[in-house]
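Step one of this worksheet: look at the structure below.
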Amino acid sequence: MQARRVRITDTSLRDGHQSLWATRMRTSEMLPILERMDQVGFNSLECWGGATFDASLRFLDEDPWERLRLIKRHAARTPLQMLLRGQNLVGYRHYGDDIVRRFVYKAAENGIDVFRVFDALNDIRNFETAVAAIKETGKHFQAAVVYTISPVHSLDHYLRVAHELADMGADSICIKDMAALLSPFYAEQLIGRLKAELEIPIQLHCHYIGGLAPMTYLKAIEAGVDVIDTATVPLAFGNSQPATEMVVTALIGTPYDTELDLEKLFDIAKYFEGVRKEDGWDRGVTSLTHMQVYSHQVPGGMISNLESQLKEQNALDRLPEVLEEIPVVRAEVGFPPLVTPMSQIVGTQAVLNVLSGRRWHIVPDEMKQYLRGRYGAAPGPVSQEVIERVLEGEEPITCRPADLVEETLEDYRDEIGELARSEEDLLSYALFPQTARAYLEKHAVGLESDVFGMHDRWIHSQAGAELLDRSGDRVKDILEMVEESGVDEVTIEEGPLKVTVRKAGVAASSAPEAPAAVPAPASAATATAVATPGGNGSQAGADGYHVVHSKWVATFYRSPAPGAPSFVNVGDRVAAGQTLCILEMMKMMNELVADIDGIVREILVDDGATVQYGQPLFNIEPA
Numbered sequence: 008m009q010a011r012r013v014r015i016t017d018t019s020l021r022d023g024h025q026s027l028w029a030t031r032m033r034t035s036e037m038l039p040i041l042e043r044m045d046q047v048g049f050n051s052l053e054c055w056g057g058a059t060f061d062a063s064l065r066f067l068d069e070d071p072w073e074r075l076r077l078i079k080r081h082a083a084r085t086p087l088q089m090l091l092r093g094q095n096l097v098g099y100r101h102y103g104d105d106i107v108r109r110f111v112y113k114a115a116e117n118g119i120d121v122f123r124v125f126d127a128l129n130d131i132r133n134f135e136t137a138v139a140a141i142k143e144t145g146k147h148f149q150a151a152v153v154y155t156i157s158p159v160h161s162l163d164h165y166l167r168v169a170h171e172l173a174d175m176g177a178d179s180i181c182i183k184d185m186a187a188l189l190s191p192f193y194a195e196q197l198i199g200r201l202k203a204e205l206e207i208p209i210q211l212h213c214h215y216i217g218g219l220a221p222m223t224y225l226k227a228i229e230a231g232v233d234v235i236d237t238a239t240v241p242l243a244f245g246n247s248q249p250a251t252e253m254v255v256t257a258l259i260g261t262p263y264d265t266e267l268d269l270e271k272l273f274d275i276a277k278y279f280e281g282v283r284k285e286d287g288w289d290r291g292v293t294s295l296t297h298m299q300v301y302s303h304q305v306p307g308g309m310i311s312n313l314e315s316q317l318k319e320q321n322a323l324d325r326l327p328e329v330l331e332e333i334p335v336v337r338a339e340v341g342f343p344p345l346v347t348p349m350s351q352i353v354g355t356q357a358v359l360n361v362l363s364g365r366r367w368h369i370v371p372d373e374m375k376q377y378l379r380g381r382y383g384a385a386p387g388p389v390s391q392e393v394i395e396r397v398l399e400g401e402e403p404i405t406c407r408p409a410d411l412v413e414e415t416l417e418d419y420r421d422e423i424g425e426l427a428r429s430e431e432d433l434l435s436y437a438l439f440p441q442t443a444r445a446y447l448e449k450h451a452v453g454l455e456s457d458v459f460g461m462h463d464r465w466i467h468s469q470a471g472a473e474l475l476d477r478s479g480d481r482v483k484d485i486l487e488m489v490e491e492s493g494v495d496e497v498t499i500e501e502g503p504l505k506v507t508v509r510k511a512g513v514a515a516s517s518a519p520e521a522p523a524a525v526p527a528p529a530s531a532a533t534a535t536a537v538a539t540p541g542g543n544g545s546q547a548g549a550d551g552y553h554v555v556h557s558k559w560v561a562t563f564y565r566s567p568a569p570g571a572p573s574f575v576n577v578g579d580r581v582a583a584g585q586t587l588c589i590l591e592m593m594k595m596m597n598e599l600v601a602d603i604d605g606i607v608r609e610i611l612v613d614d615g616a617t618v619q620y621g622q623p624l625f626n627i628e629p630a
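Have a look at this one:
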């Protein structure tokens with residue numbers, strides 16, 4: 008048999024820690040090992056996109072663009088790859104074409120070589136703008152076909168989508184098996200057909216979860232697959248990909264030998280094992296719940312998210328009910344693959360159905376948008392009963408969803424003003440207004456950094472490097488002084504650069520901000536709940552007041568956006584159906600509306616406070 012080397016894309020820096028470490032790997036934890044990874048000879052390093060963009064800003068206080076630049080600087084030889092959600096980019100809603108184009112241009116400029124693009128519904132229309140921009144940059148467009156199992160997802164479906172993407176100009180095709188449902192023999196058939204019918208490379212991305220992936224990879228390799236995705240062993244297994252070391256060893260001495268150096272791979276694994284232990288992350292494992300993916304088809308990462316959501320609602324014991332409800336909801340809405348953002352939309356609807364005790368009684372706005380066609384065409388027929396109940400006579404759209412997006416990059420430029428010091432800052436704000444604004448405000452004066460545990464991270468940052476070039480060891484000395492002393496904050500000015508170093512927890516803080524309001528169709532996810540008399544929403548209280556209670560464990564917001572007027576104030580006259588507040592639960596912004604006419608006499612909680620199930624929120628005097 009003629010030798011045919013199988014190539015490997017390493018996913019440790021993106022999907023590996025997104026799947027196992029809640030997307031919490033810091034840039035400083037990547038930098039020390041990047042040059043070693045760059046020497047291995049990987050097909051590419053997947054290091055950006057997916058949830059890493061949002062998590063960097065939201066949880067790690069890091070600039071995702073700076074992360075990309077630093078990775079490129081330390082891994083210059085190996086192509087860098089990102090995961091792009093089509094018209095959703097790295098967010099959870101459709102963005103305007105101008106935003107999509109500029110994002111792609113800047114990603115390429117900052118270091119991305121390979122764009123793996125997918126659409127949750129395999130709707131080709133949602134690829135168009137991103138693909139055009141990628142081709143203009145001259146970078147590699149890898150078209151990903153989302154794999155799932157349903158009555159409408161046949162072999163012919165996957166072949167048709169792959170051919171359409173190839174005709175669009177794909178440089179390679181990837182089969183994206185995010186739920187680990189692809190069986191070995193089906194993979195052999197699918198990959199065999201793709202290799203026979205297309206003249207571009209075929210890549211396979213499988214998650215481990217229930218354990219089929221290594222066998223699936225071997226059958227796909229025999230069928231001719233060109234590239235497979237793996238992760239270093241501390242970031243492999245469980246919800247992640249199979250281990251690189253396992254696959255490389257399995258292929259040694261075969262016509263498919265990867266020719267990768269195991270000793271280099273073990274060095275990399277030892278480094279990440281140290282990071283894993285230091286940060287306290289568990290190894291990837293397969294549990295019974297994960298194994299049941301073959302029954303409920305819920306990806307492992309989605310299960311972890313559901314567990315977190317239910318725990319917040321003090322309802323973790325109801326996870327089995329939710330797992331039973333998800334396939335029912337999925338079938339009712341046309342069998343969308345359970346991948347971002349559809350996994351969140353379907354999963355949240357299932358949780359609300361179970362916790363409320365009334366199916367389709369509370370419907371998040373994102374589910375309404377999906378049923379309106381704002382995410383693309385449903386893969387299969389949608390229940391007419393659900394459409395009638397949710398849309399109330401409104402007809403779903405038939406055009407390309409992005410054609411209806413009104414917000415432009417210039418609109419966001421006007422909103423954020425001088426806080427955005429670069430186009431990258433502006434794009435971050437356009438994608439995640441609330442999160443990016445908080446980050447940009449915190450970092451408005453020079454480079455601010457939590458000193459404890461971040462000394463090396465600061466030194467390796469671009470701004471830090473520029474200042475160190477000018478000031479040498481003096482700046483390092485100041486950092487160490489702040490770190491070891493009782494000084495809370497030091498501002499350093501060197502020429503045009505002004506840098507503020509601030510200890511963790513010292514930064515001035517304000518009350519929690521309300522979620523940023525974005526006009527439909529690109530709105531934050533909102534659901535409408537009516538406070539019904541005598542129910543969990545409201546009841547009669549002292550002095551004859553109508554008491555409105557929280558229907559969930561949630562965060563209470565009085566206004567639709569930071570700085571916006573409150574929905575209601577004490578003394579305001581309200582009408583039945585009028586919005587009183589927003590309750591943020593499970594990343595969904597749920598509007599709580601009044602069910603009676605009356606006057607708001609008391610608002611019983613502070614803006615931004617966490618409220619419990621059944622907690623009184625408003626006292627309303629009936630009109």
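Just so you know, the sequence shown maps onto residues 8 to 630 in the numbering used here. Here a beta-carbon is modelled for each residue, glycine too, at the ideal position from N, C-alpha and C. All values derive from a computational prediction rather than experimental measurement.
Check your understanding: Run through DSSP, which three-state label would M37 get?
Key -> Look at M37 here: in three-state DSSP terms it is helix.
Practice item. Could you tell me which residues DSSP pairs with I15 in its beta bridges? Key: In the DSSP output, where bridge partners are listed per residue, I15 has I235.
Review point. Opposite G605 in the DSSP bridges: which residues?
Key: V581, P629.
Check your understanding: Any contact of the stretch 111-120 with the stretch 72-84, i.e. 3+ C-beta pairs under 8 Å?
Key -> Yes: the two stretches touch, three or more of their Cβ pairs being nearer than 8 Å.
Practice item. Please name the residue in Y263, R565, G23 whose C-alpha comes closest to that of T237. Key: Measuring from the Cα of T237, the nearest candidate turns out to be G23.
Check your understanding: Does DSSP classify V618 as helix, strand or coil?
Key -> Note: V618 maps to strand in three-state DSSP.
Check your understanding: For the stretch 362-378 against the stretch 167-177, are there 3 or more C-beta pairs whose distance is under 8 Å?
Key -> Verdict: no, contact absent.
Exercise for review: Inspect the CB distances between the stretch 323-338 and the stretch 375-382 and report whether three or more fall short of 8 Å.
Suggested key: Short answer: they don't touch.
Point to revise | In DSSP terms, what T144 is bridged to | key: Paired residues: none, contrary to the question.
Review point. Residue range of the alpha helix (DSSP H) that F192 falls in?
Key: F192: member of the alpha helix (DSSP H) spanning 191-204, first to last residue.
Review point. Can you tell which of V607, I627, Y564 has the C-alpha that lies nearest to the C-alpha of E598?
Key: Ranking V607, I627, Y564 by Cα distance to E598 puts Y564 first.
Review point. Using the rule of at least 16 other Cβ atoms within 10 Å of the residue's Cβ for burial, across every protein chain shown, is F125 buried or exposed?
Key: Buried, because 16 or more other Cβ atoms sit within 10 Å of the Cβ of F125.
**Study point:** The beta strand (DSSP E) enclosing K558, as first and last residue numbers
**Key:** Neither: K558 is in no beta strand (DSSP E) and is coded neither H nor E.
Review point. Which of the three DSSP states, helix, strand or coil, is assigned to D22?
Key: In this structure, D22 counts as helix in the three-state DSSP scheme.
Review point. If you run the structure through DSSP and keep just helix, strand and coil, what is M185?
Key: The DSSP-derived three-state label of M185 is coil.
Check your understanding: How is the beta strand (DSSP E) around F122 delimited, first residue to last?
Key -> It spans 121-124 - the beta strand (DSSP E) in which F122 sits, taken as one unbroken run.
**Study point:** Collapsed DSSP secondary structure at Q88 in the structure displayed
**Key:** It is a strand residue.
Check your understanding: Alpha carbon to alpha carbon, how far is G281 from I275?
Key -> Using only the alpha carbons, I get a separation of about 10 Å.
Check your understanding: If you count every other CB in all the chains shown that lies within 10 Å of the CB of H160, and 16 or more means buried, which is it?
Key -> It is buried - the Cβ of H160 has at least 16 other Cβ atoms within 10 Å.
Exercise for review: Using 10 angstroms around the beta-carbon of L433, count the other beta-carbons present and answer buried if the total reaches 16, otherwise exposed.
Suggested key: A residue is called buried once 16 or more other Cβ atoms fall within 10 Å of its Cβ, and L433 is buried on that count.
Check your understanding: Is it right to say F279 is buried, meaning 16 or more other beta carbons lie within 10 angstroms of its own, or is it exposed?
Key -> By the neighbour-count criterion, in which 16 or more other beta carbons inside 10 Å mark a residue as buried, F279 falls on the buried side.
Review point. Closest by CA to G615, which one among A601, E591, Q316?
Key: Measuring from the Cα of G615, the nearest candidate turns out to be E591.
Point to revise | Cβ pair count under 8 Å reaching 3, the stretch 49-56 against the stretch 429-444 | key: By the Cβ criterion, the stretch 49-56 is not in contact with the stretch 429-444, since fewer than three pairs of Cβ atoms, one from each stretch, lie closer than 8 Å.
Practice item. Could you tell me if M648 is buried or exposed, where buried requires 16 or more neighbouring beta carbons within 10 angstroms of its beta carbon? Key: Absent from the structure is residue 648, since the part of the chain shown begins at 8 and ends at 630.
Point to revise | Identity of the residues DSSP links to L590 by a beta bridge | key: Per DSSP, F563, N597.
Check your understanding: Helix, strand or coil for V513 per DSSP?
Key -> Bear in mind that a pLDDT of 43 at V513, under 50, signals an unreliable position, so the number given afterwards is only what the model happens to contain. Coil.
Review point. Does the distance from the C-beta atom of I352 to that of M374 stay below 7 Å?
Key: Yes.
Practice item. Determine the contact status of S26 and N246, defining contact as a CB-CB distance below 7 Å. Key: Going by C-beta atoms, S26 is nearer than 7 Å to N246.
**Study point:** Residues bridged to E53 [DSSP beta-bridge criterion]
**Key:** Looking at the DSSP assignment, E53 forms a beta bridge with Q88.
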